[in-house]
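Colleague: My questions all concern the structure below.
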Amino acid sequence: MVTSHDVARLAGVSQPTVSRALRDSGKVSEETKRRVRQAAKALGYVPSETGRALSSGRTRRIGLLLTDLENQFYPHVIAPMHHELEAYGYQLVLQTETTDTATVAERLISNGLDGVLLATTTVDSVVPVRLRDRGVPFVYFNRTADAMEADSATVDPVPGLSEVAREIAALGHRRVGAIFGPRNTSTALQRETALRDALDEQGLAIGSAATHRGPFDFDTGYEGAQRLLGRDPRPTVIVCGNDVVALGALNAAKDLGVAVPDDVSMVGFDDLPAAAWPLVRLTTVAFDLDAMARKAANLLVRRVEAEEPQPYEHAVFGTHLVRRGTLAAAG
1 MVTSHDVARL
11 AGVSQPTVSR
21 ALRDSGKVSE
31 ETKRRVRQAA
41 KALGYVPSET
51 GRALSSGRTR
61 RIGLLLTDLE
71 NQFYPHVIAP
81 MHHELEAYGY
91 QLVLQTETTD
101 TATVAERLIS
111 NGLDGVLLAT
121 TTVDSVVPVR
131 LRDRGVPFVY
141 FNRTADAMEA
151 DSATVDPVPG
161 LSEVAREIAA
171 LGHRRVGAIF
181 GPRNTSTALQ
191 RETALRDALD
201 EQGLAIGSAA
211 THRGPFDFDT
221 GYEGAQRLLG
231 RDPRPTVIVC
241 GNDVVALGAL
251 NAAKDLGVAV
261 PDDVSMVGFD
271 DLPAAAWPLV
281 RLTTVAFDLD
291 AMARKAANLL
301 VRRVEAEEPQ
311 PYEHAVFGTH
321 LVRRGTLAAA
331 G
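Shown next as C-alpha cells:
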C-alpha cells in the first residue's frame, strides 16, 4: 500500500509536510503543494481519514445542527456550507433534532465532531453553554443565544425593513398587519423591533389585534393571514417574518378569495428561490444567503484550527428590499 512516506520521498519533502500540503495548509508554499499533489497522483495515493484523525487529533467532521426541521430556509444553506468546508478538507455532517436541550449538546459531543454550526438556536438555549464547557468550537449561523458569545454570521434587518416601511407609507398604506416569528428566536425579535421602529418613523404602527406570532413555517402564515384578513377593517398590507410564512399567507388569501396585491399586499423576508417564481413574485427583503453560509463555515474552520485564543468575529450581512408583484398601492 502506498503511504504518505512514499509521497514524501518522491516529492522531496518530509511526511508532515505531505499531510499539511494535502490539507491545503497556509503554512506550505504553493510550489510545495504542487509537487506533493503531483507525487500523490503519480503514486495513486489516497489519504486515510482515520490516519488523519489519529495524527491531527481531529476527525475533520463539522456538524450542522437543525432543530427547526419544518423551516424551508435551511436546506438552502447546506450546499454552500458543504462546498466551503470541503475546500478546507472538512466534511459536513447534518445533525437533526426536534428540541434544543442539553441532551442535544451531549449527543453532538459524543459524535466526535471538530466543531458545530448552530443554525436554529433559541435565545434561551443551553447548547452553546454545554459545548463551551466541553471545549467544542461552535459558530452561530443566522440565530444567536443570549447565554454565550461566539463567532457568528447573522443578518441586519434594519436597512431592508426600513425600505419596506418607506415603501408602505409611500403607497398609501395605513392599516399594517404583521405575522412574526417566535419570541424565543433572535431573528424574530430583531425583525419585529426593526419593523416597528421603521414604521414609527413613517408615522405608522401595528396594533396588537393586527399581529400574529408562531413558528417560522407555512402553517403560521396561513393561520395568521386567515385571522388578520377576517378582521374588519382588515390590513391593507401584511409583513411576514420570512418567505415561508409569506407563502402560507398567500395561500390563505387565495382560499379566502382575497386578491394579492389588489385587496391586500404581502411582504416576506429572506428572498428564497421560490419568492422569484412567476406564480409567486413575492416582494421581500433580501441578503446574500450563500455568502453568509460560507462565512459561517469559514469562521468555524478558523476557530477549530486556531492554535491560540482569538477574538470573536461577528459577520453581519446587510439587507435590501426586492420589489416584485405582491406589494402595491393601498386599495
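Sequential numbering of the sequence shown, starting at 1, is according to the UniProt record's numbering. We put the beta carbon where it would ideally sit given N, CA and C, even for glycine.
Measure the Cβ-Cβ separation of Val264 and Val237 and say whether it is below 8 Å.
Modeller: Along the sequence shown, read from residue 1 onward, the residue named residue 264 stands at position 264. Along the sequence shown, read from residue 1 onward, the residue named residue 237 stands at position 237. Closer than 8 Å, so yes.
Colleague: To the nearest angstrom, how far is it from the Cα of Val301 to the Cα of Tyr88?
Modeller: By 1-based counting over the sequence shown, the position of residue 301 is 301. By 1-based counting over the sequence shown, the position of residue 88 is 88. Spanning the two alpha carbons is a distance of roughly 8 Å.
Colleague: Applying the 10 Å Cβ sphere with the 16-neighbour rule, what's the burial state of Pro128?
Modeller: Here residue 128 is taken as the residue at index 128 of the sequence shown, counted from 1. Pro128 comes out buried.
Colleague: Which residues share a DSSP beta bridge with Arg196?
Modeller: On the sequence shown, position 196 is the one that residue 196 refers to. Answer is none; Arg196 lacks a bridge partner.
Colleague: Based on Cα-Cα distance, which residue from Val7, Ala188, Arg134 and Lys27 lies nearest to Val307?
Modeller: Taking the first residue of the sequence shown as position 1, residue 307 is located at position 307. Note that residue 307 is Glu in the sequence shown here, rather than Val. Minimum Cα distance to Glu307 is reached at Lys27.
Colleague: Give the range of the beta strand (DSSP E) segment to which Gly248 is assigned.
Modeller: Position 248 of the sequence shown, counted from the first residue, corresponds to residue 248. Not the beta strand (DSSP E): Gly248 falls in the alpha helix (DSSP H), residues Asp243 to Leu256.
Colleague: Of all the CB atoms in chain D, is at least one closer than 8 Å to the CB of Gln95?
Modeller: Going by chain labels, chain D is absent from the structure shown, which holds only one protein chain.
Colleague: Helix or strand or just coil, what does DSSP make of residue 333?
Modeller: As displayed, the chain neither begins before 1 nor continues past 331, which places residue 333 out of reach and without an answer.
Colleague: Please state whether DSSP places Phe180 in a helix, a strand or coil.
Modeller: Taking the sequence shown and counting its residues from 1, the one referred to as residue 180 is at position 180. Phe180: strand per DSSP, three-state reduction.
Colleague: Rounding to the nearest angstrom, what Cα-Cα distance links Ala275 and Gly221 in this structure?
Modeller: Taking the first residue of the sequence shown as 1, we reach residue 275 at position 275. Taking the first residue of the sequence shown as 1, we reach residue 221 at position 221. Approximately 15 Å between the Cα atoms of the pair.
Colleague: Alpha helix (DSSP H) containing Thr32: first to last residue?
Modeller: The residue labelled residue 32 in the question sits at position 32 within the sequence shown. Note, Thr32: alpha helix (DSSP H), Glu30 to Leu43.
Colleague: Please list the terminal residues of the continuous alpha helix (DSSP H) segment that includes Tyr222.
Modeller: If you number the sequence shown from 1, residue 222 lands on position 222. Note, Tyr222: alpha helix (DSSP H), Phe218 to Leu229.
Colleague: Go ahead and pull the three-state DSSP assignment for Ala1.
Modeller: Mapped onto the sequence shown, residue 1 falls at position 1. Per the sequence presented here, residue 1 reads as Met, with Ala not at that position. Residue state, collapsed to three classes: coil.
Colleague: From this set, Gly325, Leu66 and Leu256, which residue's C-alpha is nearest Pro278's C-alpha?
Modeller: Counting from 1 along the sequence shown, the entry for residue 278 is found at position 278. Taking only the C-alpha atoms, the option nearest Pro278 is Gly325.
Colleague: Please report the Cβ distance between Ala210 and Ala165, rounded to the nearest whole angstrom; I am assuming they are in contact, meaning their Cβ atoms lie under 8 Å.
Modeller: The count along the sequence shown starts at 1 and reaches residue 210 at position 210. The count along the sequence shown starts at 1 and reaches residue 165 at position 165. Going by Cβ atoms, the distance from Ala210 to Ala165 rounds to 15 Å, so no, they are not a contact pair.
Colleague: Which residue wins for smallest C-alpha separation from His212, given the options Arg191, Asp243 and Gly177?
Modeller: One-based indexing of the sequence shown puts residue 212 at position 212. When only C-alpha atoms are compared, the closest one is Gly177.
Colleague: For a test of the three-state rule: what should DSSP assign to Met81, helix, strand or coil?
Modeller: Here residue 81 refers to the residue found at position 81 when the sequence shown is read from its first residue. Correct three-state label for Met81: helix.
Colleague: Relative to the C-alpha of Leu65, which candidate in Tyr45, Thr103, Arg174 and Arg303 has its C-alpha closest?
Modeller: Taking the sequence shown and counting its residues from 1, one reaches residue 65 at position 65. Ranking Tyr45, Thr103, Arg174 and Arg303 by Cα distance to Leu65 puts Thr103 first.
Colleague: DSSP three-state label for Ala147, please.
Modeller: Here residue 147 refers to the residue found at position 147 when the sequence shown is read from its first residue. It is coil, neither helix nor strand.
Colleague: Which runs of the beta strand (DSSP E) spanning at least 3 residues fall entirely within the region 94 to 138, listed in chain order?
Modeller: Runs found: 115 to 118.
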